[in-house]
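Student: Shown below is the structure under consideration.
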Amino acid sequence: MRFLVLGATGTVGSNVVRELLARGQQVRVLTRDPARARALGPDVEFLKGDLLDPATLRGLYDGTDGAFVVNPVSQTEASEGLMAVSAAMDSGLKRLVYLSVQHADRAPHLPHFGSKLGVEAAVRAARLDWTILRPSNFFQNDHWFRDAILQYGVYPQPLGDVGVSRVDVRDIAELAAIALTQEGHAGKTYDVVGPRALTGAETAEVWSAALGRKVAYAGDDLEAWEKQSLQYLPAWMVYDFKLMYRHFQQNGLRGTPADTATLTRVLGHAPRRFEDFATETAKIWTREGAAAAQR
Ligand SMILES: NC(=O)c1ccc[n+]([C@@H]2O[C@H](COP(=O)([O-])OP(=O)(O)OC[C@H]3O[C@@H](n4cnc5c(N)ncnc54)[C@H](OP(=O)(O)O)[C@@H]3O)[C@@H](O)[C@H]2O)c1
-10 MRFLVLGATG
0 TVGSNVVREL
10 LARGQQVRVL
20 TRDPARARAL
30 GPDVEFLKGD
40 LLDPATLRGL
50 YDGTDGAFVV
60 NPVSQTEASE
70 GLMAVSAAMD
80 SGLKRLVYLS
90 VQHADRAPHL
100 PHFGSKLGVE
110 AAVRAARLDW
120 TILRPSNFFQ
130 NDHWFRDAIL
140 QYGVYPQPLG
150 DVGVSRVDVR
160 DIAELAAIAL
170 TQEGHAGKTY
180 DVVGPRALTG
190 AETAEVWSAA
200 LGRKVAYAGD
210 DLEAWEKQSL
220 QYLPAWMVYD
230 FKLMYRHFQQ
240 NGLRGTPADT
250 ATLTRVLGHA
260 PRRFEDFATE
270 TAKIWTREGA
280 AAAQR
């Protein structure tokens, strides 16, 4: 079968492509930048285009059996998602997996949560087999914090002390590939979470153990986080993420034992643990650091 993967040059989409190829499926991707898509390998067919351009939508899904839809956090996220879904409906697409976010409905005032609720509503109303994945915060976000962790011994993500059931992107991608290629997932919404909710301080402790040196939690001060973040992120994004971290600090973003049981059943293995991700990543960072020092 052939599947269209949107966001295929990004964090989640690239893993979905890998999972589909590993299952012997054919993959088409959409990209604004073919050079990035070529890095996905010679077996991947790519189309150049932009979801916000109606010309791109014509024929986008032709000859495909299903699609994975993810839209990055942006000020046009809702439009991109709705244009992808409406074009899928027009094309008669049979199956669609949409990447949303855990507890989108509990914090609809967050711009990037509320945007997804609108797209979820369109997905549910579409006459096709749909599956919605609602992941927690990704383990892989910590690659953005590599310098803070390694150079300054600080874990900067203000996760708070209620707990966030962060998840490995590889589990999300596996689940997407399963929902696209196997029966039994139509009309289902899955919260995609890790096996344990961790606080900010616990997350720093896991990094300390993985690296064998102290990593301190930067704390819950969102004013300080905002000031720091405005140096490298656009103001609209800092505004959105500050609301998100306030939500995490007040309510957490915790999975339930039932979520873990469902994921274990569907994936065929328990969701990956943050401790294992940190150990694996610390080894890679240490190896890369040693190689750079020799150059
Ligand atoms: N990070 C987290 O902890 C977390 C947790 C839960 C949910 N999420 C959700 O996950 C999503 C982000 O996923 P990600 O991290 O995989 O994204 P990402 O790495 O930023 O990748 C974005 C992808 O979208 C494509 N893209 C962007 N604008 C496009 C357009 N106008 N037309 C066509 N393609 C376009 C890009 O392709 P090209 O550049 O090649 O065109 C790229 O492949 C967000 O919706 C976020 O809310 C994230």
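Numbering (the working numbering), first residue to last: -10 to 284.
Just so it is clear, CB atoms sit at the ideal spot from N, CA and C, and this is done for glycine as well.
Bear in mind the structure is a predicted one, so any value in this text is a computation, not a measurement.
What residue from 152, 153, 136 and 151 has the CA that sits closest to residue 145's CA?
Tutor: 136
Student: For residue 118, which option in 91, 127, 171 and 96 has the closest C-alpha, if you only look at C-alpha atoms?
Tutor: Distances from the CA of residue 118 to each of 91, 127, 171 and 96 were compared; the closest alpha carbon is that of 171.
Student: Sort out for me which residues DSSP pairs residue 119 with in a bridge.
Tutor: Residue 119 pairs with 85.
Student: For residue -4, name the three-state secondary structure that DSSP assigns.
Tutor: coil
Student: Scan the segment 148 to 231 and note each continuous alpha helix (DSSP H) run of 4 residues or more that stays entirely inside, going in chain order.
Tutor: You should have 158 to 170, 189 to 200 and 211 to 218.
Student: Could you please give me the residues that DSSP links to residue 105 through a beta bridge?
Tutor: Partner(s): none; residue 105 has no beta bridge.
Student: Return the first residue and the last residue of the beta strand (DSSP E) that residue 74 is part of.
Tutor: Unbroken run through residue 74 is the alpha helix (DSSP H), 66 to 80; no beta strand (DSSP E).
Student: I believe residue 368 touches residue 11 by the beta-carbon criterion, under 8 Å. Please report the beta-carbon distance rounded to the nearest angstrom.
Tutor: Because residue 368 is not part of the residues shown, which for the chain are -10 to 284, the question remains open.
Student: Assign residue 124 to one of three DSSP states: helix, strand, or coil.
Tutor: strand
Student: Measuring alpha carbon to alpha carbon, tell me which of 142, 166, 101 and 141 ends up nearest residue 229.
Tutor: 101
Student: Per DSSP, what are the beta-bridge partners of residue 15 in this structure?
Tutor: -9
Student: Anyone know if the C-beta pair for residue 359 and residue 162 falls short of 8 Å?
Tutor: Missing from the structure shown is residue 359; the chain here goes from -10 to 284 and no further.
Student: Just how far apart, CA to CA, sit residue 168 and residue 87?
Tutor: Rounded to whole angstroms, residue 168 to residue 87 spans 10 Å at the Cα level.
Student: CB residue 148 to CB residue 192, shorter than 8 Å?
Tutor: yes
Student: Determine the direct distance from the alpha carbon of residue 1 to that of residue 31, and round the result to whole angstroms.
Tutor: 19 Å
Student: Suppose you measure from the CA of residue 249 to the CA of residue -3; what does that come to, to the nearest Å?
Tutor: 26 Å
Student: Can you give the Cα-Cα distance for residue 231 and residue 65, rounded to whole angstroms?
Tutor: So the alpha carbons of these two residues sit roughly 19 Å apart.
Student: Among -5, 84 and 284, whose alpha-carbon lies nearest the alpha-carbon of residue 22?
Tutor: Checked all of -5, 84 and 284; the closest Cα to residue 22 is -5.
Student: So, with DSSP's three-state summary, where would you put residue 252?
Tutor: helix
Student: Report the residue from 253, 225 and 281 whose alpha carbon sits nearest the alpha carbon of residue 285.
Tutor: This structure leaves residue 285 out entirely; the chain is present only between -10 and 284.
Student: Let me know if residue 121 comes out buried or exposed under the rule of 16 or more other beta-carbons within 10 Å of its beta-carbon.
Tutor: buried
Student: Restricting to Cα atoms, I'd like to know which of 237, 195, 160 and 207 is closest to residue 181.
Tutor: 160
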